[in-house]
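Trainee:
There are 2 protein chains.
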Amino acid sequence: MGVTKTDLFTEQQNELAKVAKVLAHPARIAILQYLIQSNTCINGDLVQELGLAQATISQHLRELKETGIIRGSIEGVSVNYCIDPIRWSEIQNLFETLFSGFPKITDCC
Amino acid sequence: MGVTKTDLFTEQQNELAKVAKVLAHPARIAILQYLIQSNTCINGDLVQELGLAQATISQHLRELKETGIIRGSIEGVSVNYCIDPIRWSEIQNLFETLFSGFPKITDCC
DNA sequence: TATATACATTGCAATATTACGATGAATGTT
DNA sequence: AACATTCATCGTAATATTGCAATGTATATA
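Residue numbers (our numbering), protein chains in the order written: chain B, -3 to 105; chain W, -3 to 105.
(1) Relative to the alpha-carbon of F98(B), which residue among L90(W), L94(W) and P81(W) has its alpha-carbon at the smallest distance?
(2) Relative to the alpha-carbon of V(-1)(W), which residue among E71(B), L60(B), S74(B) and T52(B) has its alpha-carbon at the smallest distance?
(3) Identify, in the order they occur along the chain, each residue of the same chain with its Cβ nearer than 8 Å to the Cβ of I38(W), setting aside the five sequence neighbours on each side.
(4) Suppose contacts are defined by Cβ-Cβ distances below 8 Å. Is L60(B) in contact with I27(B) by that definition?
(5) Would you kindly report the start and end of the unbroken alpha helix (DSSP H) that includes N35(W)?
(6) Could you work out which residue in I25(W), T93(W) and T63(W) is closest to E7(B) when comparing CA atoms only?
(7) Give, in chain order, every residue of the region 67 to 80 of chain W whose Cβ lies closer than 8 Å to some Cβ of chain B.
(8) Count the other CB atoms within 10 Å of the CB of A49(W); is the residue buried (16 or more) or exposed (fewer)?
(9) Compile a chain-ordered list of the residues in the region 21 to 35 of chain B whose CB is closer than 9 Å to at least one CB of chain W.
(10) Counting only beta-carbon atoms, is K61(W) nearer than 8 Å to chain B?
(11) DSSP three-state label for I65(W), please.
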C-alpha cells in the first residue's frame, strides 16, 4: 500500500511521526543547520551551498514550511527564510518528551 | 528518482536523517512508547496493541533493530524486545545537538 | 517596455515505503 | 511424532518520496 494507517494511533504519535518525516532527509537537516548558523538566508544561497537543483531545494523548503518549522518572507526578488522559534521549541519538546520517557539507568534483558 | 543524494551531505546529517526516518512512522513511535512503558515485551503483545498485521509489525521491529534502537533476545518461542539504552541516549544527543543549536531568544525577520 | 533575477509549480521517471497474505523456521506441548 | 505458537521472510499491490527539466510568476533594472 504505502499509505500509513494513522487512525490506529494517537494524535501525538502521528504528529511526532510527521515531524520526524520532515527531518528525515539530509538536505532538510542541512537547510535547517544553515538557517541556524546564518540566522537568515535565501533560496539562492542554498543552491550554491547544497548542490541540489533549485527546484529540488524549493520543494524541501516547502515541506519545512508546511510543518511550520520555517517561515519565508518575501524581500523584493528573493525570499528570506528563517526558523520559527515557537514551532522550533514545540518540536524540540515533542522529541524531548519521547526521549526522556526512557529512564537511562535501567538495563533490562 | 526517489533516491537520496547522500554524498552531498555530511555523515552527521545523513545519520540524523536516517534516524529520523526510523522515527517517522506512528507505529514505530507506538512500539517505542510501549517498550518504554512496559520495559520489555514480545511481538505478540504488539499485534494486540497496535492492530496491524503481524507481518507488518515484524517489519517495523526490524527497522528499529537495524538502527540499533531496540534489541531482541529469543526467549523460547517468543522474542523479548527492549530499548538499547546506549543507542537511545546516542540518538537523544543527535537531536539535542540539532535543537540546541538554535538560540531560543533570537527572533529574526 | 524588454530583460534579468529569484523562486514556485508542474510533470515525469526512478526508487522507497507501507501493508499484508502466504509461507518458512524454531521452539514448545500433547 | 503431530500439532500449536511465535515470529521472520518473501512476494506483491498501492502509494509516497526524491530529483530535475521545463515552465510560470513576480519583482527589479536597463
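Beta carbons: idealized from backbone N, C-alpha and C, even for Gly. Keep in mind that this is a model prediction, so the values were computed, not measured.
Mentor: Quick answer:
(1) For F98(B), the nearest C-alpha among the options comes from P81(W).
(2) Comparing Cα-Cα distances from V(-1)(W) to each of E71(B), L60(B), S74(B) and T52(B), the minimum goes to T52(B).
(3) If you ignore the 5 residues before and after I38(W), its C-beta comes within less than 8 Å of the C-beta of E71, S74, V75, N76 and Y77, all in its own chain and listed in chain order.
(4) In contact: L60(B) and I27(B) (Cβ atoms closer than 8 Å).
(5) N35(W) -> no alpha helix (DSSP H), and no H or E assigned at all.
(6) Ranking I25(W), T93(W) and T63(W) by Cα distance to E7(B) puts I25(W) first.
(7) Those would be R67, S69, N76, C78 and I79, in chain order.
(8) By the neighbour-count rule (16 or more Cβ atoms within 10 Å), A49(W) is not buried but exposed.
(9) Cβ contacts with chain W come from H21, P22, A23, R24, I25, A26, L28, Q29, L31, I32, Q33 and N35.
(10) It does not; no Cβ of chain B falls within 8 Å.
(11) I65(W) falls in the coil class under three-state DSSP.
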